[in-house]
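Protein chains in written order, with our numbering: chain C, 1026 to 1351; chain F, 1026 to 1351; chain R, 1026 to 1351; chain U, 1026 to 1351. Using N, Cα and C, we set each Cβ at its ideal position, and we do this for glycine too. All values reported here derive from a predicted model rather than from experimental measurement. See structure below.
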């Protein structure tokens, strides 16, 4: 039985709590949140005790810490939990600053403690199946990742988000690394503000295309937009010598209508809580499993550092208008 | 807060318990099962108390009873719970015997207590959407219901099942009634044992086609098989003057492969626990809502009686080789 | 080089002429039509000579006769062409009267001349592929044929059509026979006039469901409507122990749109000239090939007689409300 | 009646001849081919006369010239035909050399004669429908063009092809220009030889990704491979503020099988003659129409020059590893 402290009782914190409660191998013992009423509400649901984040992390009877607090606290709580000798699950990104992220990675390396990063998309059943089936392709040659949000976050969020590459595309950069058999060594980016001029005013872009290349020449294309009228557009294509694998968007229902003007089908899932509902559950279970069984984390702190480095390189390429070597 | 007694702690009982626990408007107070260890295990998970079925039903602090015990006990527990003045959710079928089912219906009529029958498919999101969209068709003219199980139950089960029409097609007969704007008045059936000769030895069929007609001439076709190599085949088509609506089978993932021999896609959901996972959850919530808010049950005891009558008429048609008037 | 006389220069006659002109193994020598201007126009396009039907059939320099004239002339021209020793391609049906159709069959039997009947759907690439793949199913158990026209023909046509079963469903009855490994031995029909009351006034139905059974218990369902708002709905499903085969409707284009209300796709092909364009071409080529190479016709006069017998039995079942043995 | 000379009686020449013969508004009068036996064979089929290319172009009784001879003759025959005052349909590309292509464009400009370039994909029904429906998107923001051949041409062909950008991607560059509301102003390319090392030896690449940007920031991605195991992969996605349009690959049949391992569907069309069969026909009809009716050509010599300029810029970007301004 893994005793867990949950730091952060907001939307994602609650979702994690829900999945932990269904997992017979663990128990939420402490909940902490800067907004105490959040912590109190979640404690009531879970039977956990409300304490400060510091207490939750250092508590003797706790084995693992889930960090689901705001991004700018990830680094601080990660160091605390590592110092306290706990297993850690931390929401992505580790930190918006690459050097601070690297410090966490170094700290994890020194302590050799389990540290799993919340790249939830790796646990999407369709994406997992695509990855499992990669051997069907023989040699992999081209990857296409389409990733569009239904609508942009508030500009107030964007201002502190680290920008599209670090905040949004970082998921796709991680998926690219996860699928490619070798690290990307070159990156090129175009990007513009086409959706909302206020995003440009905030110094960011909302529409981007990024090309990655690996040493042996494998090509990977990422297509991002902060807004898709039709919902949360999350697709992958992997192409190789023997064929192509595609993971398409699931729809809300399978019901279609055909009338005199053609066919109509249902909407795709609206956003990440619906689309990645299974992925979030499978991810937390994977974390608990890996700690309980001492197996390696599915997504490591190193994955976080490398995705962040690619995001920074994409920004550099966008500014310079040229291919950047990583 | 609705206090609930759960009669039956087997597979379906556990599933219902799971959904009731997630519903903030109710609480499982008592659990009963002929196999006490089942009841004890489920009580441990839910915090309920293990008692006898009779105690669970008559308990003063209980508002509603969920009957998820074997079919041949449905009638007895229904009468007890009606006598005790409880709201009732009963798994389908009410009873394999039409006259006993009618007695329950009469009893419900006398007491005017809430009684909901577990025709879970009415809560499938794709089927619900199809029903919602029926007005798009204008006048409805033809309905097609395909319903195949992945594999037949043991012959020992079939012997006491009431036969394919009452055990399996009863769901489809209910869906037909749910979709049609008027009651079926004529029925015709063909059926044979094509899958497993032991089913014939047990006096049953495993493959059937049934045609229903309503007074105004609307036609409905039901296609059943006890075995489908590709999984749980559950589809509806509704056709009318302005077009056609189709609810197709969902697949496990959206991932496809295309190679030199064409395309391959994922399997459809394997069986009812996967396919109707959402439907079971929505169904229990609908029951709790209807009792709490005093609104009518989505599927009444009368629906159960009428579906059973159609199932008996189908058998009569099969035996006589002619259209039977209901 | 096969020299051909074409009897009938209407819509279907012109279509056949077009395909014959592209076939290097044959040549249209004579064209005949009761409306001479039709014959003159088609002769101009094909380089053929306009003559009377009788002359076209008896001409010494002609090897084969294509009968694409009105249904009530098929029988007469068939006998003439058999007497003249010609190979014959005749549009379906042979005759609306079963006894007259049998006389043609007898005549064909006596002369042993090539006689192919125009059941074009057997040449649809998707249906052909479904038939080729039937072995994938292992034992075949259930067949479903959906066949709906976009809109009913004029009532003046319906009055002389022989009725829905002989005029429209005869194609589906032929497809059923083509797919089933043994002859249907029992048939049941329901039918009504739901589309246009004038069709009822003309003594016909426009909406029907027919169930066929073979000796070993294989079930086949045919669903017909004279009107489908969404176009020409022509689908087959074949189900067996190892899975299911489906041939769906092709669409005009593959283009789809997804917006805030879901997805929209293109219409299906509007009617038989579009949907079965390939089938008509492949059918005529098959006829020319079979005559040139002395191989058996793909669809024989016997196929026509048997489909007609099923159509009559369907009518008998509809009238009697019971299963009819063939 | 448009009198036509056809220069080139190879595979594409024959295809064009076939479509011209079905068009009642034109007639092939002369055929020329460097391999006289090709010309003789096609003349026999069409009733045309075999002459030299020069005679065919200058013949007094000829209104229009179809140039379907090898690429390195396009320029020469174009100038001759312009001098002779003929309307011209020329296969793509005009010329592999940009300056020579521009000379043709200048010559066309001086003579003001009809000149249509064979960018057949603009006439694909699915692509045409996508273009027609672009207004559904509101503001267009991102375009994705996937274009893969089933297998690479012989290396001997590649050596004289002008390279992947001019030989293969030129079609996609044209489609990009056709769909975008303004000219691309920047281009970036990555490319490698991943399919066949001999292509690298011949100085070419076989796998490429190219990003285009327009002045207002619209992004367009082109993905190419010289080999796709699953056939001719030709797809477009157009994304904008109100949704997404997709034109997918048509399949050979609509027949699918579902068994215990999931679903299998048919192959996509194998290569351009199958996939673009309709497009080739519609293209020639459009040419004949435009000459007969004096309407502008659908694809002009200027389109050819601009696509060629983009192809050259893609090569420049590939070599320099940076965004190139056009």
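What residue range does the beta strand (DSSP E) around residue i cover?
i                       : result
residue 1326 of chain C : Premise fails: residue 1326 of chain C lies in the alpha helix (DSSP H), 1326-1345, not in any beta strand (DSSP E).
residue 1056 of chain C : 1051-1057
residue 1170 of chain R : 1165-1173
residue 1255 of chain F : Where residue 1255 of chain F is concerned, there is no enclosing beta strand (DSSP E), given that its DSSP letter is neither H nor E.
residue 1031 of chain U : 1027-1032
residue 1116 of chain U : 1112-1116
What's the gap between the Cα of residue i and the Cα of residue j?
i                       : j                       : result
residue 1224 of chain F : residue 1080 of chain F : 39 Å
residue 1238 of chain C : residue 1264 of chain C : 14 Å
residue 1032 of chain U : residue 1206 of chain R : 54 Å
residue 1313 of chain C : residue 1159 of chain C : 27 Å
residue 1334 of chain U : residue 1202 of chain U : 12 Å
residue 1085 of chain R : residue 1271 of chain U : 57 Å
residue 1094 of chain F : residue 1102 of chain F : 9 Å
residue 1228 of chain C : residue 1121 of chain C : 16 Å
residue 1320 of chain F : residue 1332 of chain C : 53 Å
residue 1188 of chain C : residue 1098 of chain C : 18 Å
For residue i, collect the residues of the same chain with a Cβ closer than 8 Å to its Cβ; drop the 5 residues on either side in sequence, then sort them by chain order.
i                       : result
residue 1127 of chain U : 1330
residue 1210 of chain U : 1238, 1239, 1240, 1350 and 1351
residue 1026 of chain U : 1050, 1051 and 1052
residue 1069 of chain U : none
residue 1316 of chain C : 1027, 1088, 1089, 1112 and 1139
residue 1274 of chain U : 1256, 1257, 1258, 1259, 1260, 1293, 1294 and 1300
residue 1347 of chain F : 1213
residue 1123 of chain U : 1330, 1333, 1334 and 1337
Excluding the 5 residues preceding and the 5 following residue i in the sequence, name in chain order all residues of the same chain whose CB lies nearer than 7 Å to its CB.
i                       : result
residue 1281 of chain C : 1288, 1289 and 1290
residue 1326 of chain R : 1119, 1129, 1130, 1133, 1140 and 1142
Just to confirm the assignment, what range does the alpha helix (DSSP H) spanning residue i have?
i                       : result
residue 1258 of chain F : Where residue 1258 of chain F is concerned, there is no enclosing alpha helix (DSSP H), although the beta strand (DSSP E) it sits in stretches over 1258-1265.
residue 1217 of chain F : First-last for residue 1217 of chain F: 1209-1217, but that is the beta strand (DSSP E), not the alpha helix (DSSP H).
residue 1312 of chain U : 1302-1318
residue 1195 of chain R : 1194-1204
residue 1039 of chain C : 1036-1047
residue 1290 of chain C : Residue 1290 of chain C -> not in any alpha helix (DSSP H); beta strand (DSSP E) instead, spanning 1287-1290.
Quick one: what's got a C-beta closer than 6 Å to residue i's C-beta in the same chain, skipping five residues either side?
i                       : result
residue 1232 of chain U : 1217, 1219 and 1250
residue 1339 of chain R : 1190, 1212, 1214 and 1235
residue 1168 of chain C : 1204, 1245 and 1263
residue 1341 of chain R : 1349
residue 1186 of chain R : 1192
Should residue i be labelled buried (16 or more other beta-carbon atoms within 10 Å of its own) or exposed?
i                       : result
residue 1139 of chain U : buried
residue 1345 of chain R : exposed
residue 1298 of chain F : exposed
residue 1152 of chain F : buried
residue 1116 of chain F : buried
residue 1134 of chain C : exposed
residue 1156 of chain F : buried
Run through chain B and tell me which residues come within less than 8 Å of residue i, C-beta to C-beta.
i                       : result
residue 1039 of chain F : Annotation note: the requested chain B is absent from the structure, which comprises protein chains C, F, R and U.
Exercise for review: Would you list, in chain order, the members of the stretch 1283-1307 of chain U that have their beta-carbon closer than 8 Å to a beta-carbon of chain F?
Suggested key: Listed in chain order, the positions of the stretch 1283-1307 of chain U with a beta carbon within less than 8 Å of a beta carbon of chain F are 1283, 1284, 1285, 1286, 1287, 1288, 1289, 1290, 1291, 1292 and 1293.
Exercise for review: Note down, in chain order, all residues in the stretch 1140-1169 of chain F with a beta-carbon under 7 Å from any beta-carbon belonging to chain C.
Suggested key: 1150, 1151, 1154, 1155, 1158 and 1161
Exercise for review: May I ask you to list, following chain order, the residues of the stretch 1236-1267 of chain F that have a beta carbon less than 7 Å from some beta carbon of chain U?
Suggested key: Cβ contacts with chain U: 1254 and 1255.
**Study point:** Residues within the stretch 1049-1077 of chain F neighbouring chain C, beta-carbon criterion of under 9 Å
**Key:** If the cut-off is 9 Å between Cβ atoms, the stretch 1049-1077 of chain F has nothing near chain C.
Practice item. Using a Cβ-Cβ cut-off of less than 9 Å, list which residues of the stretch 1196-1212 of chain C approach chain U; keep chain order. Key: 1211
Point to revise | Contact list for the stretch 1169-1195 of chain R against chain F, Cβ threshold 7 Å | key: 1169
Point to revise | Where the stretch 1268-1279 of chain C meets chain F: residues whose CB sits under 8 Å from a CB there | key: 1268, 1269, 1270, 1271, 1272, 1273, 1274, 1275, 1277, 1278 and 1279
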